[in-house]
Amino acid sequence: MDTTPHTDATPAPPQPLPATSDAPRVGQGWTVIDRIGIPQVREGAQPGKPDVRVLGRGDGVTVVALTFRAGDVMDDHRAASPILVIAESGVIDFGVDGQTLTLTPGQAINVAARVPHRLEATGDAVATLLVLTGGPATQTTPEPVSFVGRLPWVLPERA
1 MDTTPHTDAT PAPPQPLPAT SDAPRVGQGW TVIDRIGIPQ VREGAQPGKP
51 DVRVLGRGDG VTVVALTFRA GDVMDDHRAA SPILVIAESG VIDFGVDGQT
101 LTLTPGQAIN VAARVPHRLE ATGDAVATLL VLTGGPATQT TPEPVSFVGR
151 LPWVLPERA
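Quick note: the sequence shown uses full-length UniProt numbering, first residue 1, plus one each step.
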């Protein structure tokens with residue numbers, strides 16, 4: 001934290017928000033969500049599947065951490081809402097519309113609702129998933145999500 005005295009001519013530099021806990025901080029019309037871009041692998045994570053953890057919810061968005069280990073695959077699925085996948089570290093092969101796109105840190109892909117897609121990492125990788133729900137926040141505490149079974153925003157793949 002900067003402790004240098006500042007005058008009106010030299011304004012104080014902006015200070016980072018302190019990370020006080022895993023719980024997002026919520027105010028009137030705003031939410032701070034921590035741990036974005038930080039690997040979130042838990043003990044007992046299912047081999048071959050990325051670790052998926054809801055970090056928090058805001059107005060119209062659910063923020064999800066996707067932590068991949070080498071070889072992890074999120075097989076073909078569809079999201080019930082539009083999504084934005086942001087590559088934070090590593091490389092993720094993103095399959096959509098019959099092609100495979102390579103996502104590297106600083107790149108993102110926006111996918112419309114119900115469009116089939118898949119993700120695969122050949123090495124360790126981290127991405128942030130924004131599920132664009134369009135509605136008000138319903139829960140603000142982070143929650144682990146088991147990748148076994150159905151995620152609430154994922155539609156089952158049709159045969």
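Note that CB positions come from ideal geometry on N, CA and C, so glycine has one too. Fair warning: this is a prediction, and the values are worked out from it, not measured in the lab.
**Item:** Supposed close pair Val63, Ile33 - CB separation, criterion 8 Å
**Value:** To locate residue 63, count along the sequence shown from 1; it is residue 63. To locate residue 33, count along the sequence shown from 1; it is residue 33. That pair is a contact at about 5 Å.
**Rounded C-alpha distance that separates Asp97 from Thr31** = The residue given as residue 97 occupies position 97 in the sequence shown. The residue given as residue 31 occupies position 31 in the sequence shown. Roughly 34 Å between the two C-alpha positions.
**Asked** By how many angstroms is the C-alpha of Gln28 removed from the C-alpha of Gly44?
**Response** Here residue 44 corresponds to residue number 44 of the sequence shown, with the count starting at 1. Here residue 28 corresponds to residue number 28 of the sequence shown, with the count starting at 1. Approximately 37 Å, taken between the alpha carbons.
**Request:** For Gln40, name the three-state secondary structure that DSSP assigns.
**Result:** Numbered from its first residue, the sequence shown carries residue 40 at position 40. Of the three classes helix, strand and coil, the one that applies to Gln40 here is coil, per DSSP.
**Request:** Look at the alpha carbon of Thr102 and the alpha carbon of Ala70, and state the distance between them as a whole number of angstroms.
**Result:** Reading the sequence shown from its first residue, position 102 is the one you call residue 102. Reading the sequence shown from its first residue, position 70 is the one you call residue 70. Distance between the alpha carbons of Thr102 and Ala70: 15 Å.
**Asked** Do you know offhand how far Gly106's Cα is from Val126's?
**Response** Here residue 106 refers to the residue found at position 106 when the sequence shown is read from its first residue. Here residue 126 refers to the residue found at position 126 when the sequence shown is read from its first residue. If you take the alpha carbons of Gly106 and Val126, they lie about 11 Å apart.
**Asked** In chain order, what residues of the same chain lie with their CB nearer than 6 Å to the CB of Gly123, ignoring the 5 residues before and after it?
**Response** Along the sequence shown, read from residue 1 onward, the residue named residue 123 stands at position 123. Within its own chain, the residues whose Cβ lies closer than 6 Å to the Cβ of Gly123, once the five positions on either side in sequence are excluded, are Ala70 and Gly90, listed in chain order.
**Request:** Go to Ala113, then tell me how far its beta strand (DSSP E) extends in each direction, as first and last residue.
**Result:** Position 113 of the sequence shown, counting from 1, holds the residue named residue 113. DSSP places Ala113 in no beta strand (DSSP E); its state is neither H nor E.
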